[in-house]
Structure formats: structure tokens, C-alpha cells
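Working notes for the structure below.
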Amino acid sequence: MPPSPDHVRALITEYLERHPDEGGALAGLLTALDAEDDPTSRSTLPGHVTCGGVVLDADGRVLHIAHRASGLLLPPGGHVEATDDSLFAAVLREIREETGIPASSLVLTPEYGRTPIDVDVHAVPENAAKGEGPHRHYDFRFVFRLAPDAPELALQEDEVAGAVWLPRDEVRAPRLRARLRDADLDGTITPVDASVVIHDGRGRYLLQLRDANKPIWAPGHWDLLGGGREPQDATLLDTAVRELREEAGLELAHLRPYAVEHVTGTDGTSVPRQVYTGEWDGDPNTLPLTEGQLLAWRDLAQLPYLTMLPSTRGLLERHAAAHASPAHPTGPPAAGGPRPRQASVTIGAAPPDTEPHIVGVHLVLERDGQVLLGRRHPDSAFAGGMWHVLAGHCAHESATACLVREAKEEAGLLIDADDLDLVHLAHTVDRPGDLPRMQLFFRARAWEGTPRVLEPDKTVAWRYWDADRLPDELVPYTRAALEGLRAGRPYTETGWAR
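Going by this note's numbering, the sequence shown opens with residue 22, and the numbers climb by one from there.
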């Protein structure tokens, strides 16, 4: 679906809040938005919306391309296509098509973000070959910085005759040149988001389980608390403080800058994120969580088994390596020195000489003598390309609550916890030295929905298999559990030395 009139109107409204003196020039477009015609279609006359990308390199120069059709030297851009769901998506596509620069090599500016830096209204002469009479273009221009690892230009030769990087003061469009100068925009990449590594000083990290099935960044993933800079934030530190307060009611003193990392935004662009660190050792269950599903402490041993972006996992691993928990001293503190942190026994902590277990939950969904299996993504860290029942790892939640959540997030299945029966238990260990696992297999007596691929980075297909002819590429402990279940055995062990 092409961008709606409401989408275009919202962008104009935001743009005119910055530049109210341009209301007269855009009055024609505002009037056209009340009509039934698509404002982004090139057949809509006497004027329609186009998009342009203002790309600055490390030296602050602006990319211009020579359009074969017009013979003009302009920033890359063009008409909106029916497949573009927003003007921002349209400009990313145009930049990629005309110059070969992917969205992952474009960085938003904190000054403008996804708001146009300029809306250029210009007349377009008649084009008899295309059957177009004279009309106007309302060109929404978005500004980006070029990432350091951007590829060489790969020009679209049938439409582009060449490319040049012009210094800011030589930009051909006078108003755009003035905007770049007034905003003092150069090629320096600056963070636009802020997040916080919250740790307890003993190797645990406070992480948020983000909502799934929403058009947000990293849906369904464990991540740091934080978010995007807003107009009221004077600094990114203000952003971090505000986000902690709004998302979890946390007030942490002495946040310190730690690193700048680049993550991929929901639109595919590169998002530089300022990371701060702070220390806290409270109970996350007492916090008023307003975003996401869960806050919980997680340690390094658990990170490989969480749905988490590799960049976030790597960041926490680097932090842990640089902030190893000091060994508890056995002697008295030095005279006049600070008293060291004392080891404590927490209610609910593991008793001495025991080892924590990872708890996995598994869904046995049967239909007409067949069992539902999912084909794991070939790049999965665990069992890539193999078949497996729908499964997940328990966070700070009951096993049935976890399985209900996983079934909905992974396959769109609605299951009532009261309709789950524990039918098999597998006690497994993958390799010597790995954390052992308690794998709980539940049979669903009733459910709603048809299995759908909702997390294609994990599962690429769902299929019912005859229980007597399971696929060869089946996760071994899953095969053992399903065969044990059919044989009436309630328990299986795999991976343990005998």
C-alpha cells in the first residue's frame, strides 16, 4: 500500500512546526490531501509528492547525481512506488536503486531524524513522451550521514549519468544549502538513542523482554532499557534518565558513558546508540514496568539461550570481561579501608553444591496421529536446519505461562494454560561443562489458530509429521522424548555419562 494522505499530512504538520513560513508554498498539497486522489501517485495532477535523500559523507559533502532524464545535478530521489509504505521507505529505496547505498549504511541525524529537512516545491515541464503535462513536485528531502563502512557507489546506469560529492556551500538548492548551514550539519556521526547497562556488581544484568509482534525495534528480544532522544532531552544522558524512569520507574545516580554501538533500526538504517552504565541490586519484580513483558536479572551463562541481538550479547560480554566480579576476601578489611561487599545468602538462592538448570518448555501438538514440528532457521545457533517441536526457555515465569507465550509469539497459537498436561521430562546436557537442562514436554488438549511463521529468524516452516515417520533431521533429545512418550515412558536422559 502506498503512503496514505494522513501519513503525508502528519509529516507536513511536523515540518511546518519547524518552518511555519512555508505554509503558503504547501497550501496546494494540503488541499490536495483532502481529495480522493493518491497524493504520491505520479498520475495525480497538478502536483504530487516525491522523495529525495540528502546524504553527507565524512567530510560533510553532499551526494549529487546527474539524472539522465532531466540533465540536472540533484540529490538522489524520485517518485513514490505502490510498494512503499511510507515516504521514508521510498527515499531509502531510491537511494539504494540509484546509488547502491543500502539502508544499513545510512545514519539518521539527531537534528532531524525522520522529519524532512526540506520540502522543495518546483515546477516540472511537460513530458509528451510520458503523456504528462506540466505539474509540480513536492519533494520531501530527508537527511542522512554516511556510515564509515559504506560500500562504493554503484550507479543505476540507465537513469544516472554520474555522481559527485559537493561541499556544503556548493549545494545547488539555495534553501537546502541554508538549512544544512544553519543546522551546522557535517559528516560527524552522533548517537540518536541511549540505553543503559544495569548490573549488580556481581555479574548479573538487568534486561527487558520486549513486546513481540509489534512494529518496534528488536521485538520479542531481551535488551537493555533505553530509547530514542526526544525534543525535551537536552542531552543523551537526559534521554537515558528519562527512559529508565518512564519504562521501569528506576532512578539511578551516577550513570556513566560506556560505549557507542551501532544497531539496525526497524527501517534498516544504522542507529548509533550511546550506552551508559549504572549499578543497582534491587528486585525487578517490584518495579512498575510500563513497556515490554518482563524485567529480570540474567548472567553470562544464560545469554546464549536468550533471544537477543548479537550486538547486545557482545556488548554485555565485553562489559563482563572488563568488570569481573572481585573475589570475596576472607580476611578482615584493612584499617581505615572500605568494608568489602559481604557474600550473602538470599532467600530462594541455590543451596551450596548445586548447579542451576536451564528450564525448557516444549509443545506436543497432535492432530490425526501427526505431531507439529518446526524447521529451524539454517543460521540458528542451536540445531540449525533441523526439525524441533515448538519450544522456548523459561524466564522468571511459570513453565505453562512460558509455553503459552512462546506458542503465541512463534506460531500465533492461542492456548489456555489449563489445557496443558505435562507428559514427559527430559534431563539433558549438550556437552561436558555446559549447564544442564530440564526439558518439560506438555501436550495441548485444545488450542486456537493455525501455525504461522511469526519469527522467521528462528523457524522457517511449520508442518505436521506422522508420529511413526518422524524426519531424519530431528533434534536428538526431541526424538528421544517423543519416542519415549509413545512408549509410555515419562522420563528420558540424554548427554549424561553412564
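Note that beta-carbon positions come from the ideal geometry of N, C-alpha and C, so glycine has one too. Being a predicted model, the structure only gives us computed values, none of them experimental.
**Prompt:** For VAL380, which option in ALA342, ALA422 and GLY406 has the closest C-alpha, if you only look at C-alpha atoms?
**Reply:** For VAL380, the nearest C-alpha among the options comes from ALA422.
**Request:** Could you tell me whether the segment 282-294 touches the segment 207-225, using the rule of 3 or more Cβ pairs below 8 Å?
**Result:** yes
**Request:** Could you give the DSSP three-state label for LEU503: helix, strand or coil?
**Result:** helix
**Item:** Pairwise C-alpha distance: THR449 and ASP254
**Value:** Rounded to the nearest whole angstrom, the CA to CA distance from ASP254 to THR449 is 49 Å.
**Burial state of PHE318 (16 or more Cβ within 10 Å)** = For clarity, residue 318 is Trp in the given sequence; the question names Phe instead. Under this definition TRP318 is a buried residue.
**Request:** Can you tell me the Cβ-Cβ gap for ALA124 and PRO23, rounded? I've got them flagged as a contact below 8 Å.
**Result:** So it is not a contact: roughly 19 Å between Cβ atoms.
**Request:** Give, in chain order, every unbroken run of the beta strand (DSSP E) that is at least 3 residues long and sits entirely within the segment 198-247.
**Result:** List check, beta strand (DSSP E) in window: 214-220 and 225-230.
**Item:** Anticipated Cβ contact below 8 Å, ASP442 with ARG464, distance rounded
**Value:** 5 Å
**Message:** Can you tell me whether GLU300 is helix, strand or coil according to DSSP?
**Reply:** strand
**Message:** So VAL164 and THR130 are supposed to be a Cβ contact under 8 Å. How far apart are they, rounded?
**Reply:** Cβ atoms of VAL164 and THR130 come within 8 Å of each other, at about 6 Å.
**Three-state class that DSSP yields for SER125 in the structure shown** = Here DSSP, grouped into helix, strand and coil, assigns SER125 to helix.
**Request:** Express the C-alpha separation of ASP58 and THR65 in angstroms, rounding to a whole number.
**Result:** 7 Å
**Prompt:** Alpha carbon to alpha carbon, how far is LEU176 from ALA87?
**Reply:** 10 Å
**Item:** Buried/exposed call for GLU430, threshold 16 Cβ in 10 Å
**Value:** buried
**Asked** So which of LEU258, GLY241 and ALA46 has the shortest CA-CA distance to LEU327?
**Response** GLY241
**Limits of the alpha helix (DSSP H) - the one that PHE550 falls within** = For the chain, the structure presents residues 22 to 519; residue 550 sits outside this window and is missing.
**Prompt:** Using a Cβ-Cβ cut-off of 7 Å (strictly less than) and excluding sequence neighbours within five positions of GLY357, which residues of its own chain qualify?
**Reply:** Low confidence applies to GLY357: its pLDDT is 40, below 50, so where it sits in the model is not reliable enough to give any reading.
**Message:** Could you pull the DSSP bridge partners for LEU495 from this structure?
**Reply:** TRP408
**Nearest-angstrom Cα separation, counted from GLU282 out to ALA413** = The amino acid occupying residue 413 in the given sequence is Gly; Ala does not appear at that position. Going by the C-alpha atoms only, they are around 28 Å apart.
**Asked** What residues are listed by DSSP as bridge partners for CYS72?
**Response** GLY99 and PHE161
**Request:** Check whether the segment 219-232 touches the segment 306-317, taking contact to mean three or more Cβ pairs, one atom from each stretch, closer than 8 Å.
**Result:** yes
**Residue from VAL425, ARG452, VAL474 and HIS417 with nearest C-alpha to HIS398** = VAL474
**Message:** Considering only DSSP beta bridges, list what ILE86 is partnered with.
**Reply:** LEU95 and ALA184
**Range of the contiguous alpha helix (DSSP H) that encloses ASP259** = 257-269
**Prompt:** Which whole-angstrom value describes the C-beta separation of SER216 and LEU246, a residue pair presumed to lie in contact below a C-beta threshold of 8 Å?
**Reply:** 7 Å
**Request:** On the DSSP bridge assignment, give the partners of LEU384 in chain order.
**Result:** LEU411 and PHE463
**Message:** Considering only DSSP beta bridges, list what ARG317 is partnered with.
**Reply:** The residue you asked about is not Arg; residue 317 is Ala in the sequence shown. ALA317 is bridged to LEU228.
**Prompt:** Taking C-beta to C-beta, are VAL142 and LEU108 nearer than 8 Å?
**Reply:** In terms of Cβ geometry, VAL142 and LEU108 do not form a close pair [threshold 8 Å].
**Request:** Quick one: give me the first and last residue of the beta strand (DSSP E) that ASP439 is part of.
**Result:** That residue, ASP439, is in no beta strand (DSSP E); it is neither H nor E in DSSP.
**Message:** To the nearest angstrom, how far is the alpha carbon of GLY222 from that of TRP301?
**Reply:** 8 Å
**Item:** For GLY224 and GLY73, the rounded distance between their alpha carbons
**Value:** Rounded to whole angstroms, GLY73 to GLY224 spans 47 Å at the Cα level.
**Prompt:** Based on Cα-Cα distance, which residue from ALA90, ILE122 and TYR133 lies nearest to ALA150?
**Reply:** ALA90
**Request:** Tell me where the alpha helix (DSSP H) around PRO331 begins and ends.
**Result:** 331-343
**Request:** Express the C-alpha separation of GLY98 and GLU115 in angstroms, rounding to a whole number.
**Result:** 5 Å
**Item:** Whether ARG157 touches PRO26 by CB criterion (8 Å)
**Value:** no
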